[in-house]
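Novice:
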Amino acid sequence: MPQSESAGSVAPDLDGFEAIPKTGIERARHLMESGALYRYVSADPYKCEVSLLEKEFAEYLGSRFALAVNSCGSALRIAMLCSGVRAGDRVLSSGFTYTAVPSAIVGIGAVPVLVECDENLCIDTVDLERKIESGGRYLLLSHMRGHISDMESITALCRRHGVKLIEDSAHGLGASFAGKPAGRFGEIGCFSTQSHKLLNAGEGGLLVTDDEEIIAKAVLYSGSQETFWQRHFTQSPHFARLQNKIPNLSLRMNNVSAALLRAQLTEIDKRLIGYRQRYRTLTALVAQSPYIGVPKAMPEVSRSPDTLQFHLLFDGDGTNRFVARLADKGVHVKLFGAPGNPRFFKSWEYIDGIRDVHLPNTERILKATADLRLPGYLTDADVRWIAETMCSVAHEVGASQS
């Protein structure tokens, strides 16, 4: 874990990651010494780190089933296939998300139908209903950067129109709406364990569901050849029925990644306390600037904020000047709407006709919205230094426009 600088004149390191607990390191070392890295090396699920991770992750989220795979993108692909999405189908998705989400849609031959976001970086439910009524029957909803949308309205919309809901909760682990965890509102929820997420395995993903047939399909899609599904905790007649009818996509997680993650599961709630405290401190301080606006969560939402997104309220070239001047101070932020940013829908040139896709509100919002990492090792002094620096630079740029 990087050592954070004390607040003063030196910017804290914002590029580090959550350290792996010693228990996880020891488990991984033992596995490497034994060579037993493949998830199906043992017929006993109690002797398989991946199976144990699935069991414990499902228990944490209160779901019946979980499956660990090699990335959240893989989880999304599997989830859509299990929900019935096929080549040519229209899949509604958030216009503000990471490129991996529309890539997963395109990757199975489906057609992304992008939906506007609102000022609080959540999906626009008015535009969503309009596009559902135009023929969308699947919704791949992103809780981008942990901003949880109006899940009551969205689930009601989906029920009313017969839309199947899949949640991209890559940034949503630990977040909830009205006490219900993000990722538990749709048929399937998908999570990421890439290094920038709350759980760090370098790469990796998990999906959860309560549906017995879906989990059987998902296990087979992920790469359970022969009858290796018998090595899972989950057993169902669906496995034998579907054996050899579902292609093996070889998207499995390995035991080392699972060992690293199991050691972190027990730290989730502790990490959330720290993230929320740092976020409250930072947002309260930067909100004092008339040039910085912070998205507001609905009262029903509890977030897991390991990043800060903020709107820049400058005229003319003030936004770009703020970003450049802040970088001079050692605090690097990115504009979501900058050309080439993989979180800006105009950068997704692999989507046929993307140049003709018009999301005017999303484009306007993202071009003036910045993104700042808040790694878990930051101290209160670091957070206050960042806030003071942001406000000082904002005042400097704003005053120069007067």
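When we follow this note's numbering, the leftmost residue of the sequence shown carries the number 3, and every step to the right adds one. The beta carbon of each residue, even a glycine, is placed where N, CA and C say it ideally should be. Being a predicted model, the structure only gives us computed values, none of them experimental.
1) Skipping 5 residues on each side, what residues in its chain have a beta carbon closer than 8 Å to that of Phe187?
2) Over the uninterrupted alpha helix (DSSP H) stretch that includes His240, give me the two end residues.
3) Taking DSSP's pairing of strands, which residues face Leu209 in a bridge?
4) Would you kindly check if the distance between the Cβ of Arg29 and the Cβ of Asn256 is under 8 Å?
5) Considering just the uninterrupted stretch of the alpha helix (DSSP H) at Pro307, what are its terminal residues?
6) Look up Ile22 in the DSSP assignment and say whether it is helix, strand or coil.
7) How many Å lie between Ala68 and Ala265 at the Cα?
8) The alpha helix (DSSP H) spanning Ile134 covers which residue range?
9) State the start and end residues of the unbroken alpha helix (DSSP H) segment that holds Ile216.
10) Taking the straight line between their C-alpha atoms, what separation do you get for His149 and Pro239?
11) By alpha-carbon positions, which one of Ala261, Asn250, Trp231 ends up nearest to Asn202?
12) Pick helix, strand or coil for Gly295, following the three-state DSSP scheme.
13) Assess, as a yes-or-no matter, whether the segment 83-97 is touched by the segment 225-235 under the definition of 3 or more beta carbon pairs within less than 8 Å.
14) What residue from Gly318, Gln196, Val210 has the CA that sits closest to Gly204's CA?
15) Give the secondary structure of Ile388 by DSSP, where H, G and I count as helix, E and B as strand, and everything else as coil.
16) Locate the beta strand (DSSP E) running through Val115, then write down its first and last residues.
17) Return the residue from the list Cys84, Asp126, Val12 that minimises the CA-CA distance to Ile248.
18) Pick out whichever of Gln279, Glu215, Arg66, Pro114 has its Cα sitting closest to the Cα of Trp350.
19) In three-state terms, what does DSSP make of Lys166?
20) Once the 5 residues before and after Ser6 are set aside, which same chain residues still bring their CB inside 7 Å of it?
21) If you measure between the beta carbons of Thr364 and Phe98, is that distance less than 8 Å?
22) Applying the criterion that 16 or more other CB atoms from any shown protein chain within 10 Å of the CB defines a buried residue, is Arg280 buried or exposed?
23) Cα separation between Ser8 and Val165?
24) Kindly indicate which three-state DSSP category Thr371 falls into: helix, strand or coil?
25) Can you name, in chain order, every residue of its own chain whose Cβ lies under 8 Å from the Cβ of Leu63, other than the five neighbours on each side?
26) Would the segment 99-110 count as touching the segment 73-89 if we require 3 or more Cβ pairs under 8 Å?
27) Looking at the unbroken alpha helix (DSSP H) that takes in Val288, where does it start and where does it end?
28) Is Phe230 helix, strand or coil by DSSP?
29) I need the straight-line Cα distance from Ile217 to Glu56, nearest angstrom please.
30) Specify, as a first and last residue, the run of the alpha helix (DSSP H) that Arg79 falls within.
31) Give a yes or no on whether the C-beta atoms belonging to Asp425 and Phe338 are separated by under 8 Å.
32) By the three-class DSSP mapping on this structure, what secondary structure does Pro183 have?
33) I need the straight-line Cα distance from Gln403 to Val325, nearest angstrom please.
34) Which of helix, strand or coil does DSSP assign to Ser6?
35) Using DSSP's beta-bridge definition, name the partner residues of Leu143.
Specialist: The answer reads as follows:
1) Position 185 of the sequence shown, counted from the first residue, corresponds to residue 187. Here the set comprises Met153, Ile156, Thr157, Leu167, Glu169, Phe179.
2) Position 238 of the sequence shown, counted from the start, is the residue given in the question as residue 240. Per DSSP, His240 is one residue of the alpha helix (DSSP H) stretching across 239-244.
3) Translated into positions along the sequence shown, residue 209 becomes position 207. The partner list for Leu209 (beta bridge, DSSP) reads Leu69, Cys192.
4) Here residue 256 corresponds to residue number 254 of the sequence shown, with the count starting at 1. Here residue 29 corresponds to residue number 27 of the sequence shown, with the count starting at 1. No; because the gap between Cβ atoms is not below 8 Å, this pair is not in contact.
5) What you label residue 307 is simply residue 305 of the sequence shown in a count that begins at 1. Careful: Pro307 lies outside any alpha helix (DSSP H) and carries neither H nor E.
6) Start at 1 with the first residue of the sequence shown, and residue 22 comes out as number 20. In this structure, Ile22 counts as coil in the three-state DSSP scheme.
7) Within the sequence shown, numbered from 1, the residue matching residue 68 stands at position 66. Within the sequence shown, numbered from 1, the residue matching residue 265 stands at position 263. Inter-residue distance for Ala68 and Ala265 is about 17 Å (C-alpha atoms, whole angstroms).
8) On the sequence shown, position 132 is the one that residue 134 refers to. That run of the alpha helix (DSSP H) goes 127-135.
9) For this step, residue 216 is matched to residue 214 along the sequence shown. For Ile216, the enclosing alpha helix (DSSP H) begins and ends at 214-224.
10) Residue mapping note: residue 149 aligns to position 147 of the sequence shown, counting from 1. Residue mapping note: residue 239 aligns to position 237 of the sequence shown, counting from 1. Taking the straight line joining both Cα atoms gives about 38 Å.
11) In the sequence shown, residue 202 corresponds to position 200, counting from 1. Distances from the CA of Asn202 to each of Ala261, Asn250, Trp231 were compared; the closest alpha carbon is that of Ala261.
12) Stepping through the sequence shown from its first residue, residue 295 is reached at position 293. For Gly295, the three-state secondary structure derived from DSSP is strand.
13) Because the criterion of three Cβ pairs below 8 Å is not met, the segment 225-235 and the segment 83-97 do not touch.
14) Residue numbering aside, residue 204 sits at position 202 when the sequence shown is read from its first letter. Closest option to Gly204, Cα to Cα, is Gln196.
15) By one-based count along the sequence shown, residue 388 stands at place 386. Note: Ile388 maps to helix in three-state DSSP.
16) The residue you call residue 115 lines up with position 113 of the sequence shown. For Val115, the uninterrupted beta strand (DSSP E) segment begins and ends at 113-117.
17) The count along the sequence shown starts at 1 and reaches residue 248 at position 246. Distance check between Ile248 and each of Cys84, Asp126, Val12 places Cys84 closest, using alpha-carbon atoms only.
18) Position 348 of the sequence shown, counted from the start, is the residue given in the question as residue 350. Nearest Cα to Trp350 within the set Gln279, Glu215, Arg66, Pro114: Pro114.
19) What you label residue 166 is simply residue 164 of the sequence shown in a count that begins at 1. DSSP, read as helix, strand or coil, puts Lys166 in strand.
20) Working through the sequence shown from its first residue, we reach residue 6 at position 4. Unreliable positioning characterises Ser6 in this predicted model, as indicated by a pLDDT of 48, which lies under 50. The coordinate reading is nonetheless provided below. Cβ within range, chain order: Pro14, Asp15, Tyr379, Leu380, Thr381, Asp384.
21) Walking along the sequence shown from the start, residue 364 turns up at place 362. Walking along the sequence shown from the start, residue 98 turns up at place 96. With respect to Phe98, Thr364 sits close: the two C-beta atoms are nearer than 8 Å.
22) Indexing the sequence shown from 1 puts residue 280 at position 278. Answer is buried; the Cβ neighbour count reaches 16.
23) Here residue 8 corresponds to residue number 6 of the sequence shown, with the count starting at 1. Here residue 165 corresponds to residue number 163 of the sequence shown, with the count starting at 1. For Ser8, the pLDDT reaches just 44, beneath the cut-off of 50, and the residue's location in the model is therefore unreliable, although a value from the coordinates is still provided. Those two C-alpha atoms are separated by around 51 Å.
24) Here residue 371 corresponds to residue number 369 of the sequence shown, with the count starting at 1. Correct three-state label for Thr371: strand.
25) Taking the sequence shown and counting its residues from 1, the one referred to as residue 63 is at position 61. Within the same chain, Leu63 has close Cβ partners Pro183, Gly185, Arg186, Gly191, Val210.
26) Contact holds: three or more Cβ-Cβ distances are below 8 Å.
27) Taking the first residue of the sequence shown as position 1, residue 288 is located at position 286. Element bounds for Val288: 270-288.
28) Here the question's residue 230 lines up with position 228 in the sequence shown. Under the three-state reduction of DSSP, Phe230 is assigned to helix.
29) Within the sequence shown, numbered from 1, the residue matching residue 217 stands at position 215. Within the sequence shown, numbered from 1, the residue matching residue 56 stands at position 54. C-alpha separation (whole angstroms): 12 Å.
30) Residue 79 sits at position 77 when you count from the first residue of the sequence shown. First-last of the alpha helix (DSSP H) with Arg79: 74-85.
31) An answer regarding residue 425 cannot be provided, because it is not within the stretch 3 to 404 covered by the chain.
32) One-based indexing of the sequence shown puts residue 183 at position 181. Here Pro183 sits in strand by DSSP.
33) The residue labelled residue 403 in the question sits at position 401 within the sequence shown. The residue labelled residue 325 in the question sits at position 323 within the sequence shown. The alpha-carbon atoms of Gln403 and Val325 are separated by roughly 15 Å.
34) Translated into the one-based positions of the sequence shown, residue 6 becomes position 4. Since pLDDT at Ser6 reaches only 48, below the 50 mark, its modelled position is unreliable, and the value read off the structure follows with that caveat. Annotated three-state conformation of Ser6 is coil, per DSSP.
35) Sequence index remark: in the sequence shown, residue 143 carries index 141 (1-based). Answer by DSSP bridge pairing, in chain order: Glu169.
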